[in-house]
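Counting from 1076, one number per residue, gives the positions in the sequence shown under the working numbering. Since the structure comes first, as structure tokens, the remarks are kept for the end.
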Amino acid sequence: MYITGSNPLSTQDDVAAALADAGLEVHAWHGCTPEEYNTHIRHVLSNNCNIIIDDGGDLVHMLHTEMPDKLPFVIGGCEETTTGILRLTSMAEKNTLKFPMVLVNNADCKHLFDNRYGTGQSVWDGINRTTNLIVAGKIVVTAGYGWCGKGVAMRAKGLGARVIVTEVDPIKAMEAVMDGFDIMPMNEAAKIGDFFVTVTGCKHVITKEAFSVMKNGAVMCNAGHFDIEIDVVGLEEMALEKQEQRINVMGYRLDDSRWVYLLAEGRLVNPAAGDGHPAEIMDMSFAIQALSAKYLVEHKDELHEKLIDVPKDVDMDVARRKILFWEKSIDTLTKEQEEYLYG
Ligand SMILES: NC(=O)c1ccc[n+]([C@@H]2O[C@H](COP(=O)([O-])OP(=O)(O)OC[C@H]3O[C@@H](n4cnc5c(N)ncnc54)[C@H](O)[C@@H]3O)[C@@H](O)[C@H]2O)c1
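As structure tokens, this is what we get:
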């Protein structure tokens, strides 16, 4: 078994060391450069892997573009996150994806819990321990009201913030309003926000236009998979001065009266500046990963589609086990009820 990080800042060195002690071949360290990050992926993929467990799509991308000689060894893989699924969908549409991939993120036991409650909690853990600022009474701007954005907004509200949501999807925007949040375009929200969290999977969601109207002291961070949601290059170009204020907090002076702050270089703030999701929510995601990998191996000769949903019984099985673990139980349909509902 070979393992690497899914992001240059997301590896925790003590965890990597423990995995190496446990016998895994680990190619990862915290704070690797983009070149080192790619070298780590190359090392992992040089091993004629049969199953790929990806998070964000970099393993699958490199296999197809740089190491096609390794493709015949692969039975299939599993993709953990929304951004990775977007990349796989684009490859499948172009007919360039060469092996089946299970869309783990789309399982209910994954996105309903890991994306919403995991990201919702761990993003605020990362922000709080990094900035040591109070959230109550502040204005939090959440860009994106998908599964992760819902969690980030919900937890910000719980901490006492007034929450503004920015969206491009009118239905998600309506949901945000009915959940009790305000909506407006980013360049309007930029004038009043104290904390900004991007979690869209899109690029350049906060740009120079927004930086130029932000309040002194505004804090920005990203929880989307890639570090392109906040235009960090634009911020560096605009800044008159740059100063590290605390670990993982970079201050940028934009004019005589305004400093704005960027957490964790605009990379995933929760693993980069915190511990990431608690293990007791990742257990479900990883259970889905493991059972999906088993499914791929057991059904390898019957898989004709390239994008495969997690089988519903796998999703249900993980949910049942989690409820059992909580030492709780739920009702079961009687025969009569089953007939009434499903005929
Ligand atoms: N930080 C973490 O731990 C973590 C965990 C899971 C997923 N992710 C990543 O977070 C991102 C979002 O995941 P998700 O599951 O919430 O996705 P999602 O598809 O459920 O939600 C994304 C939302 O962002 C909106 N959006 C897209 N472009 C926008 C823009 N320019 N401005 C405002 N809104 C915009 C979309 O309309 C959508 O509602 C992805 O990159 C995903 O890989 C991060």
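Note that beta-carbon positions come from the ideal geometry of N, C-alpha and C, so glycine has one too. The structure presented is a predicted model; accordingly, all values stated were derived computationally and were not measured.
One alpha carbon belongs to C1277, the other to A1095, and they sit about 34 angstroms apart.
Residue environment for Q1318: exposed (fewer than 16 other C-beta atoms within 10 angstroms of its C-beta). With a threshold of 7 angstroms, the Cβ atom of E1242 counts as near ligand 1, since some heavy atom of the ligand is closer than that. Between ligand 1 and V1216, a heavy atom-to-CB distance of less than 7 angstroms is absent. Counted as a single uninterrupted DSSP element, the stretch harbouring T1217 is not any alpha helix (DSSP H) but the beta strand (DSSP E) occupying residues I1214 to A1218.
L1134 sits away from K1173, with the two beta carbons spaced by 8 angstroms or more. When the Cα atoms are used, M1261 and I1305 turn out to be separated by approximately 12 angstroms. For W1104, the secondary structure class from DSSP, reduced to helix, strand or coil, is coil.
Taking 7 angstroms as the cut-off, the C-beta of G1276 counts as close to a heavy atom of ligand 1. Within the region 1269 to 1308, the complete alpha helix (DSSP H) runs of at least 4 residues fall at 1283 to 1286.
Inter-residue distance for A1097 and A1103 is about 15 angstroms (C-alpha atoms, whole angstroms). Using a Cβ distance threshold of 8 angstroms, L1234 and C1296 do not count as a contacting pair.
Using a C-beta cut-off of 8 angstroms, the region 1230 to 1249 makes contact with the region 1211 to 1222, since at least three inter-stretch Cβ pairs fall below that distance.
Taking every protein chain shown into account, the CB of I1281 has 16 or more other CB atoms within 10 angstroms, so this residue is buried.
Set against 7 angstroms, the gap from the CB of Y1192 to the closest heavy atom of ligand 1 is not smaller. Looking at K1381, R1396, G1309 and V1344, the one whose alpha-carbon comes closest to that of R1162 is K1381. Between K1169 and I1363, the gap from beta carbon to beta carbon reaches 8 angstroms or more. In the structure shown, I1398 adopts helical secondary structure according to DSSP, grouped into three states. With a threshold of 16 other beta carbon atoms within 10 Å, F1400 falls short and is exposed.
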